[in-house]
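Residue numbering for the sequence shown follows the working numbering, starting at 693 and increasing by one per position. All residues carry an ideal CB built from backbone N, CA and C; glycine is no exception. Since the structure is predicted, the reported quantities are computational estimates derived from the model, not experimental observations. Below is one structure; the comments refer to it alone.
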Amino acid sequence: MVALREKGFSPNYRGNPDIPRNRSADIPPDQNCSIWLVGLSPTLDHHELLSGIRNVGRVYSVHINPPKLDQGGQGHLGSAAKVVFFEREAAETFYERFAHQGFWTPQNPDIRARVTWNRNMAAPFNVGGALSRVLLVRGPPAIVNWAFLRPYFESKFVFQIDELRHHGPINGGAGVLLEIRFGSYRCQAQSAKGALDKEYKWAGVVCEYGRDPCAPRFDLLAAP
């Protein structure tokens, strides 16, 4: 706990503080892309959290801290979350929209979370680019199905799913298209694409980054 504080992390932080990307970026505060949310639903999951972010910007990563009470009953009853956007403009849009009225989700509109800038800062990444937490996977049905892909991904990295969308047959029924909305780009969509490109491209599996539904509607990366 003391070691976490010395490194600039909350005592409740559950990530690995020794990974460089987890540590606070050496940037001016006005470049910070990381938002901290406190007082969220105790049952919050990635789908609920991300469903409350629309017309804002591409989400780079999400980390949720569930409720935590010690043996004396001290701690927090609600969830907390760190949301990192790819770009500062998106983070500012989110902050300006929710800082005064609180952030809520469609599932729990009466629960208003407090919104602050995360002191563990994150630098902009892939500004104006097309990287995304959403992966479009095309290929033979024997591979491009969740019953196959889920254990395959689980054997390689830890991930959370926002939503799966099955877009049906393509290429006259020779292939299918599966849209996987991961909880984060970082170490999730990023790792999934790397693994499939390396191990299944030979089988006709094609992976592309898709439109993040959290992005602005006028953005080419937006989705309903």
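DSSP links residue 800 through a beta bridge to 797. Nearest to residue 738 by C-alpha distance, out of 900, 825, 897, is 825. By the Cβ neighbour-count rule, residue 750 is buried, with 16 or more other Cβ atoms within 10 Å of its own. Annotated as proximal: residue 775 and residue 754, with beta-carbon spacing under 7 Å. Cα atoms of residue 860 and residue 811: separation of roughly 44 Å, rounded to the nearest angstrom.
Between residue 823 and residue 901, the C-beta gap is smaller than 7 Å, which places the two residues in contact. By the Cβ test, the stretch 868-886 is not in contact with the stretch 717-733, since fewer than three Cβ pairs between them sit closer than 8 Å.
Taking the C-beta atoms as reference points, residue 789 is found no nearer than 7 Å to residue 723.
For residue 889, the enclosing alpha helix (DSSP H) starts and ends at 882-891. Look at residue 855 here: in three-state DSSP terms it is strand.
Taken through DSSP and simplified to helix, strand or coil, residue 899 comes out as strand. In the three-state DSSP reduction, residue 839 falls in the helix class (H, G or I).
For residue 805, DSSP records a beta bridge to 795. Contiguous beta strand (DSSP E) elements confined to the stretch 714-752 occur at 726-732, taking only those with 3 or more residues. Residue burial is scored here from C-beta neighbours: residue 721 has fewer than 16 other C-beta atoms within 10 angstroms and is therefore classed as exposed.
DSSP places residue 810 outside both helix and strand once states are collapsed to three, so it counts as coil. Nearest to residue 828 by C-alpha distance, out of 897, 843, 746, is 897.
Comparing alpha carbon positions, the residue from 757, 846, 864, 818 closest to residue 877 is 818.
One thing to note: residue 872 has its Cβ no nearer than 7 Å to the Cβ of residue 786.
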